[in-house]
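Numbering (mature numbering (1 follows the signal peptide of the UniProt record, and there is no 0)), first residue to last: -28 to -1, 1 to 139.
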Amino acid sequence: MWPLQGSALNSLLTSLLLFLTFASFAVASAPASFCKCTCFSNSTIIPLDPAKPESSSFAGNLARDIADLVTTDNEKRANSYQALSCNDCNRKFCLGYDLPVCKGAKEDDVVSTCFQRDSRKDEAIVFIFIFATSGLLAWALFRPWVQKWLEAARERRQYIPVAEPGD
């Protein structure tokens, strides 16, 4: 049925698994940073990530054009700033961002908090763990039936009817 059998198939599957594991680490990006500015009792979350690199592909240009159509005022203001880090998330940053909720606010009325979302690498590790654990649990659940089926299949292959001497 399979053109590859035995150890060749095992080495191919192992190589594929290693390739996918290392590919997930290569694609993983740094965690996304955000600054939460709270003026009075209203909060606004501002992305601190650097501007995305320009893409020359058709899909990249199309995505950028669509994003330009739906860009909000906050995103337009964020584009005027350079790449920022959590060190830049402070009261002065929030007041200098000209947020509508912060109109007339003084430094004492502003609270800034920086937080990060999980990176793709962290997400990949969690999904791989969940997938591996689920697979092991499924194998533990179905193993008795699979072993019985395999044993019955082996016995069927070994059975060769012998003709009766009177036939």
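Glycine residues also receive a C-beta, built at the ideal position from the N, C-alpha and C atoms.
Contact annotation: V83 and C7 have beta-carbon atoms that are not nearer than 9 angstroms.
Our two residues, K75 and T16, have alpha carbons roughly 13 angstroms apart in a direct line.
Taken in chain order, the unbroken stretches of beta strand (DSSP E) that lie wholly in the stretch 46 to 120 and span 3 residues or more are 82 to 88. W121 and S91 have their C-alpha atoms roughly 44 angstroms apart. Rounded to the nearest whole angstrom, the C-alpha separation of F101 and K78 is 48 angstroms.
Per DSSP, the continuous beta strand (DSSP E) segment holding P19 begins and ends at 14 to 19.
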